[in-house]
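Visitor: Residue numbers for the sequence shown follow this note's numbering, so the first one is 5 and each next one is one higher. Every residue, glycine too, gets a C-beta built ideally from N, C-alpha and C. These numbers come from a predicted model, not from an experiment. Pasting in a structure now, in C-alpha cells, and then I'll have a few things to ask.
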Amino acid sequence: MNKRKIAIVFGTRPEAIKMAPVINELKKHQNIFETIVIVTAQHREMLDQVLEVFDVIPDYDLNIMKKNQSLSNITTEVLKGIESIYIEEQPDMVLVHGDTTTSFSAALAAYYLQIPIGHVEAGLRTYDKYFPFPEEANRQLIDNLSDLFFVPTEATKQNLLNESKNESRIIVTGNTAIDAILYTKEVERSHQVLDLMDSMPKQKWILLTMHRRENYGKPMSNVFEAVRDLIDSYEDVEIIMPVHLSPIVQSVAKEVLGNHSRIHLVAPLEVDVFHHVIARSHIVLTDSGGLQEEAPALDIPVLVLRDKTERPEGLEAGTLKIVGTEKENVVKHVKLLIEDSGKYNQMAAAENPYGDGKASYKIIKEIEDYFSE
Numbered sequence: 005m006n007k008r009k010i011a012i013v014f015g016t017r018p019e020a021i022k023m024a025p026v027i028n029e030l031k032k033h034q035n036i037f038e039t040i041v042i043v044t045a046q047h048r049e050m051l052d053q054v055l056e057v058f059d060v061i062p063d064y065d066l067n068i069m070k071k072n073q074s075l076s077n078i079t080t081e082v083l084k085g086i087e088s089i090y091i092e093e094q095p096d097m098v099l100v101h102g103d104t105t106t107s108f109s110a111a112l113a114a115y116y117l118q119i120p121i122g123h124v125e126a127g128l129r130t131y132d133k134y135f136p137f138p139e140e141a142n143r144q145l146i147d148n149l150s151d152l153f154f155v156p157t158e159a160t161k162q163n164l165l166n167e168s169k170n171e172s173r174i175i176v177t178g179n180t181a182i183d184a185i186l187y188t189k190e191v192e193r194s195h196q197v198l199d200l201m202d203s204m205p206k207q208k209w210i211l212l213t214m215h216r217r218e219n220y221g222k223p224m225s226n227v228f229e230a231v232r233d234l235i236d237s238y239e240d241v242e243i244i245m246p247v248h249l250s251p252i253v254q255s256v257a258k259e260v261l262g263n264h265s266r267i268h269l270v271a272p273l274e275v276d277v278f279h280h281v282i283a284r285s286h287i288v289l290t291d292s293g294g295l296q297e298e299a300p301a302l303d304i305p306v307l308v309l310r311d312k313t314e315r316p317e318g319l320e321a322g323t324l325k326i327v328g329t330e331k332e333n334v335v336k337h338v339k340l341l342i343e344d345s346g347k348y349n350q351m352a353a354a355e356n357p358y359g360d361g362k363a364s365y366k367i368i369k370e371i372e373d374y375f376s377e
C-alpha cells in the first residue's frame, strides 16, 4: 500500500487531549502513514499546554484566536486559512474531533475539496440544536460530511444508524479520552495544586468546572451560589476550580466564589496535572463533556451541570447524574453523595462505558483497512 498522508486538525484543549493519542499512534506507523498536524489555536494558551505534555509539534498553526471572537469569525478564519494547506499538502484523509467550530470548519473545507473525512467521537446527540450550543449542530453537520465514523459506544453507533449512515463505515472504538488519561496518570507530576490537595488528605475535594455558553448568566450564578452554600455546610469540604479563560466565567467566579479560604480558584491546569487532580477528588461537578468520560475512568462520581447530556451511556451505567443548574437541586445531590456512602460507592464503582484505552489503535487500524480497500 502506498504511504498515505493523514491531516489531523484541532484547535481547543479538549480536542488536543483526545487527538494527541491518535497522533502518537499514527507515528508508530510511519511506514504506512505520513502525519500532518494542523492547529487553529481556537484556544491558544490552553491548547499549547496539551501539546507540550504529549510532545506534539504542529506542522501548521493558523493562530486564529482573537479576544471575544464570534463563532462566525472562527468559522470563516478556519475556512480561509486551512484551504490553502489542504491544497498544498494534498492529504488522503482529514481527521477531526468531536463538535467544535474548528472541527466543523475543517471538515467543511475538506468536503469542498473532496477529501475523505474521518470523525473521531462521532455520533453523540441530544437532538436539541441549541443544547449544547453550538456543539450539537456542529457534530450533526460534521457527521453529514464524514466518510468514516469512529464512535465511542454502541449507543452512538445506533444514533448514526438511525440517521441512515453506512454501517460498514461506523466503528465502535471507545473514547480516546481514556487513552489520554491512562497515559498521563502514569506520569509523575509535581505542582502546587497537587501539593495543596496532598497537604489536606482528610478533606473531601470537589472539582468544579463550568464554561459552556448556554450556562452563562443565571445558570452559572445559581451553581456558584450552591457551591457557596455547600462549603459553608461542611467543614471537611474543599472546592477546587480551574477557572476557564472566558472573561464571563472569570468575572462570575471571582464575584461569587472569591475570598473564601476553602474555595480555591486556580488558573487552567496542564492536562496531566488536571488528570491527577481528578484522581484526588471526591466528586466532580461539571458541564464539560470530556470530564463525563475521564472522571469515571478514575472511579470518581460526576454530577452534570446541564439539563441534557449527549453521553447517556454514563447515565445508564450510573457513573453520571444530571443535576441541572438550579441551586436547590445542585445542593441536594452533592449533599446526598457527601452524606450517603452507599450512594457514593454505587456511583464510584460503576463501570465506565467509554472504553479500554485502545481507541487510538482501533482508529488507525480502521484507516489502514479503509485505504487497503
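1. Could you pull the DSSP bridge partners for leucine 212 from this structure?
2. Around the Cβ of glutamate 125, are there at least 16 other Cβ atoms within 10 angstroms (buried) or fewer (exposed)?
3. Just to confirm my understanding: we take histidine 195, look at its own chain, exclude 5 residues before and 5 after, and list those with CB closer than 7 Å. What are they?
4. Taking aspartate 147 and alanine 363 to be in contact with their CB atoms under 8 Å, please state how far apart those CB atoms are, rounded to whole angstroms.
5. Answer with buried or exposed for tyrosine 131, where buried requires no fewer than 16 other C-beta atoms within 10 angstroms of its C-beta.
6. Out of Ser107, Leu324 and Met201, which has the shortest C-alpha to C-alpha gap to alanine 299?
7. Is the number of C-beta pairs between the stretch 157 to 164 and the stretch 326 to 344 that are closer than 8 Å three or more?
8. List the endpoints of the continuous alpha helix (DSSP H) containing phenylalanine 108.
9. For aspartate 65, write down the residues that DSSP places opposite it in a beta bridge.
10. Applying the criterion that 16 or more other CB atoms from any shown protein chain within 10 Å of the CB defines a buried residue, is valine 191 buried or exposed?
11. For glutamine 128, report the span of its beta strand (DSSP E) as first-last.
12. So is tyrosine 134 buried or exposed if we call it buried at 16+ other beta carbons inside 10 Å?
13. With DSSP collapsed to three states, give me the class of valine 57.
14. Within the chosen definition, does the stretch 210 to 229 reach the stretch 311 to 329 through at least 3 CB pairs nearer than 8 Å?
15. When the Cα atoms are used, what is the spatial distance from asparagine 35 to tyrosine 365?
16. When the Cα atoms are used, what is the spatial distance from glutamate 320 to alanine 354?
17. List the whole-angstrom C-beta distance separating asparagine 166 from aspartate 103, where the pair is believed to meet the contact cut-off of C-beta under 8 Å.
18. Taking DSSP as the reference, what is the three-state secondary structure of valine 191?
19. Pull up the distance between the alpha-carbon of histidine 286 and that of proline 305, whole angstroms please.
20. Check each candidate in Ala11, Pro205 and Ile61 and name the one with the smallest Cα separation from alanine 110.
Guide: Checking against the coordinates, here is how it stands:
1. According to DSSP, which records beta bridges pairwise, leucine 212 is partnered with Leu289.
2. buried
3. Same-chain partners within the cutoff: Val277.
4. About 18 Å; that fails the 8 Å criterion.
5. By the neighbour-count rule (16 or more Cβ atoms within 10 Å), tyrosine 131 is not buried but exposed.
6. When only C-alpha atoms are compared, the closest one is Leu324.
7. No, because fewer than three Cβ pairs between the stretch 157 to 164 and the stretch 326 to 344 fall closer than 8 Å, the two stretches do not touch.
8. Element bounds for phenylalanine 108: 105 to 116.
9. Answer is Val43, bridged to aspartate 65.
10. exposed
11. Per the sequence shown, the amino acid found at residue 128 is leucine instead of glutamine. Element bounds for leucine 128: n/a, residue is neither H nor E.
12. That one is exposed.
13. helix
14. Cβ pair count under 8 Å is three or more, so yes.
15. 16 Å
16. 10 Å
17. Not confirmed; about 18 Å, so no contact.
18. Valine 191: coil per DSSP, three-state reduction.
19. 8 Å
20. Looking from the CA of alanine 110, the closest CA among Ala11, Pro205 and Ile61 belongs to Ala11.
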